[in-house]
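The block underneath contains the structure these notes are about, expressed in structure tokens.
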Amino acid sequence: MNDNIFFFFYNLAHQSVFFDKAVVFIADIFPYIVVIIAGIFLLFYHEVLRAENLLKAFLQKWKEIILVFFSGALAWFLAYVLKFLFHTPRPFDLFPKVVSLFSETGYAFPSGHATFFMALAVALFFSHKKVGYIFIFFAFLIGIARIIAGIHFPVDILGGFILGFTIAYFLKNV
Numbered sequence: 001m002n003d004n005i006f007f008f009f010y011n012l013a014h015q016s017v018f019f020d021k022a023v024v025f026i027a028d029i030f031p032y033i034v035v036i037i038a039g040i041f042l043l044f045y046h047e048v049l050r051a052e053n054l055l056k057a058f059l060q061k062w063k064e065i066i067l068v069f070f071s072g073a074l075a076w077f078l079a080y081v082l083k084f085l086f087h088t089p090r091p092f093d094l095f096p097k098v099v100s101l102f103s104e105t106g107y108a109f110p111s112g113h114a115t116f117f118m119a120l121a122v123a124l125f126f127s128h129k130k131v132g133y134i135f136i137f138f139a140f141l142i143g144i145a146r147i148i149a150g151i152h153f154p155v156d157i158l159g160g161f162i163l164g165f166t167i168a169y170f171l172k173n174v
């Protein structure tokens, strides 16, 4: 079933140069933009940058800002630890006919991108429901794009989403 879902999405690639470039943008470049947007949102929402005393304003809001970015960082770290425990190959390593839209190295499970962005999104969701939904959408978009690009199997993305959610949830309730 994992292979069938993978090929359903992967077969969308290599059909249009414009679509392939959009997928590469969403899977490889857009994640950096999402991190910047999250940081800007947290700073401007809390008016940290507008405060007379930046350090004092930042320290008042540190818990939420740290929760969001620490959730993502811890999730990313644990995803990479798990990659070395599971040694799961990427689709282009298993199927010679799969040509990924961009290069990626290392093991596949769980997806570090899916883990990081779901943890970030869920941590944002705990404090800001509407914004959290947008970032959860971004996480799903990045995950699907990485499947279409031939970089991950669906189970890699799903595992990353579950790990990211679990870490954000655990850190919120500690």
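Under full-length UniProt numbering, think of the first position of the sequence shown as 1, with each following residue one higher.
Quick reminder that beta carbons are idealized off the backbone N, C-alpha and C, glycines included.
Stretch pair the region 151-164 + the region 102-109: three plus CB contacts closer than 8 Å: Flag = yes, the region 151-164 and the region 102-109 touch.
Contacting residues, own chain, Cβ-Cβ under 6 Å from residue 28 (five flanking each side not counted): Hits under 6 Å: 102.
7 Å Cβ cutoff met for residue 132 and residue 75: Not a contact, by the Cβ cut-off of 7 Å.
Rounded distance between the beta-carbons of residue 148 and residue 154, thought under 8 Å: Actually they do not touch by this definition, with Cβ atoms about 11 Å apart.
Counted within 10 angstroms of its Cβ, other Cβ atoms place residue 1 as buried (16 or more) or exposed: Burial call: exposed.
Test item: CB-CB of residue 71 and residue 119 under 7 Å: Yes. Within cutoff.
With 16 other Cβ atoms within 10 Å as the buried cut-off, status of residue 100: buried
Burial state of residue 138, where buried means 16 or more other Cβ atoms lie within 10 Å: buried
6 Å CB neighbourhood of residue 152 in its chain, flanking five on each side removed: So the qualifying residues of the chain are 108, 111, 146.
Alpha-carbon to alpha-carbon, residue 31 and residue 6: About 21 Å.
Reduced DSSP category for residue 107 - H, G, I as helix; E, B as strand; rest coil: DSSP places residue 107 outside both helix and strand once states are collapsed to three, so it counts as coil.
CB of residue 64 within 7 Å of CB of residue 127, strictly: Yes.
Outcome for residue 91 when other beta-carbon atoms lying within 10 angstroms are tallied against a minimum of 16: Answer is buried; the Cβ neighbour count reaches 16.
Distance, residue 168 Cα to residue 130 Cα: If you draw a straight line from the Cα of residue 130 to the Cα of residue 168, it is about 17 Å long.
Residue 101, enclosing alpha helix (DSSP H) - first and last residue: No alpha helix (DSSP H) holds residue 101; DSSP gives it neither H nor E.
Beta strand (DSSP E) runs contained entirely in the region 66-94, provided each spans 3 or more residues: none
Beta-carbon proximity of residue 124 to residue 68, cut-off 7 Å: yes
Host alpha helix (DSSP H) of residue 21 (start-end): 17-24
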